[in-house]
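Asker:
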Amino acid sequence: MTMPERQTLPLLTIQGVSERCGVNAVTLRAWERRYGLIQPERTAKGHRRYTPAQVERVQAIVEWLNKGVPIRQVRDLLDRQADSARPNTESAGDESPTQENGGQGEVWQAAHREMLAALQDLNAQRIEQCLNRLLRDYGHEAVISQLSDPLRQQLAASASLAMQRALLDSVLMQKWSARALSLVPGRRESGWLLVPFGDPLGVLELAMVMSSPVWCLSGPVAAQALAQQAMARKGCGVLWWVDAMPTAAQREKWLPQAQPAFPVRAWGPLASTLMPSDWVITGTRKEVASQLPPLPAPQKSRSRP
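Quick note, in my numbering, the sequence shown goes up one by one and the last residue is 305.
Listed below in structure tokens is the structure:
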């Protein structure tokens, strides 16, 4: 679809939609080409541009996928929603996926079985192939919440599956770390330092869903070093992921002893136990991003005379 010569509505690039909706560009292209779920406008040079209505459609797709609806059913659901919203149009009926078309969660149940089989065989390549296929169609938020979270919980519950859990974590660490490099803020961008107290995979999973400029650290850093970095850049905040309790000596080293002069937040199952209440945010990974305060623009470096 070619963009009209005079476009009065604000349009977003594919990168802008990715940041706003938390869906990477590869997945957005797959939704367009493979499934016909979205139809962005095109500039004269062929660049994609998305209207506010198309952005809302992307957000609706994300909501359905996060409920476990197979992607092949989403287009029909969206069309039925649109029909029922039109005046003088009879309701399209129950807006839920039908058992005839596979039923809610079938894709994730099948993926769960496939991943378990690959883990039992210690087949890392098959695990990555499964992840790649699902990421292309569903995006990081759905893959993490619908597949890797329950799978890791299941593996952690059995001591006999410790090797499989370690292999899965290894594959996920490598996969999420590779993408995290692309999320590092540019010289003129603000960003959050994600610091783990506990499992470093937690900050990587959060970064995948936030889809905003971040630095993902592999472990805790001394409070003084964090403060120096944040104050030097003037566009940096610190977000701690807390799922393990540090010792008293570690707390003294890693946590600020007074209110920092830069934005700080904490999230995770033990955040409220460790951190001051006004630092703690709650909710899902997706909800975390909306609760973070805005960051100041990074300080411009002075040019040499």
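Beta carbons: idealized from backbone N, C-alpha and C, even for Gly.
1) Is L155 near the ligand HEM, judged by its Cβ being under 8 Å from some heavy atom?
2) Can you say whether E141 is buried or exposed, counting buried as having 16 or more other CB atoms within 10 angstroms of its CB?
3) Among P246, S18, M275 and L155, which has the Cα closest to the Cα of Q259?
4) DSSP three-state call for R48: helix, strand or coil?
5) DSSP three-state call for L255: helix, strand or coil?
6) So C130 and A157 are supposed to be a Cβ contact under 8 Å. How far apart are they, rounded?
7) Within the stretch 182-243, note down every full alpha helix (DSSP H) run reaching 4 residues or more, in order along the chain.
8) Drop a sphere of 10 angstroms on the beta-carbon of S303, count the other beta-carbons inside from all chains shown, and report buried for 16 or more, exposed for fewer.
9) For R265, list the residues DSSP reports as bridge partners.
10) Which stretch, first to last residue, makes up the alpha helix (DSSP H) that contains D137?
11) Pick out whichever of T247, S190 and Q153 has its Cα sitting closest to the Cα of S212.
12) Could you tell me the alpha carbon to alpha carbon distance between P269 and W254, rounded to whole angstroms?
13) Can you give me the start and stop residues for the alpha helix (DSSP H) that Q39 sits inside?
14) Taking the alpha-carbon positions, what's the K234 to M115 distance?
15) Just checking, does the stretch 152-171 make contact with the stretch 217-224 on the three C-beta pairs under 8 Å criterion?
16) Please classify V55: does DSSP put it in a helix, a strand, or coil?
Answerer: On the basis of the data shown:
1) As far as ligands go, the structure on display features none, and thus does not contain the ligand HEM.
2) Within the sequence shown, numbered from 1, the residue matching residue 141 stands at position 141. E141 is buried by the Cβ-count criterion.
3) Sequence index remark: in the sequence shown, residue 259 carries index 259 (1-based). Looking from the CA of Q259, the closest CA among P246, S18, M275 and L155 belongs to M275.
4) One-based indexing of the sequence shown puts residue 48 at position 48. DSSP places R48 within a strand segment (E or B) once states are collapsed to three.
5) For this step, residue 255 is matched to residue 255 along the sequence shown. L255 falls in the coil class under three-state DSSP.
6) Here residue 130 refers to the residue found at position 130 when the sequence shown is read from its first residue. Here residue 157 refers to the residue found at position 157 when the sequence shown is read from its first residue. Distance from C130 to A157 at the Cβ level is roughly 21 Å; contact not present, criterion being Cβ atoms closer than 8 Å.
7) Secondary structure in the stretch 182-243: the alpha helix (DSSP H) runs of 4 residues or longer, each lying completely within the stretch, are 201-210 and 223-233 in chain order.
8) Working through the sequence shown from its first residue, we reach residue 303 at position 303. Residue confidence is low: S303 scores 47 on pLDDT, short of 50, so the model does not pin down where it sits. Its coordinate-derived value is still stated next. With fewer than 16 other Cβ atoms within 10 Å, it is exposed.
9) The residue labelled residue 265 in the question sits at position 265 within the sequence shown. In DSSP, R265 forms a bridge with L239.
10) If you number the sequence shown from 1, residue 137 lands on position 137. First-last of the alpha helix (DSSP H) with D137: A124 to Y138.
11) On the sequence shown, position 212 is the one that residue 212 refers to. S212 has its Cα closest to that of S190, out of T247, S190 and Q153.
12) Here residue 269 is taken as the residue at index 269 of the sequence shown, counted from 1. Here residue 254 is taken as the residue at index 254 of the sequence shown, counted from 1. Here the alpha carbon of P269 sits roughly 18 Å from the alpha carbon of W254.
13) Looking up residue 39 in the sequence shown gives position 39. If you look at Q39, you'll find it isn't in any alpha helix (DSSP H); DSSP assigns it neither H nor E.
14) Position 234 of the sequence shown, counted from the first residue, corresponds to residue 234. Position 115 of the sequence shown, counted from the first residue, corresponds to residue 115. Roughly 43 Å between the two C-alpha positions.
15) Fewer than three Cβ pairs drawn from the stretch 152-171 and the stretch 217-224 lie within less than 8 Å of each other, which leaves the two stretches out of contact.
16) Along the sequence shown, read from residue 1 onward, the residue named residue 55 stands at position 55. DSSP places V55 in the helix class (H, G or I) of the three-state scheme.
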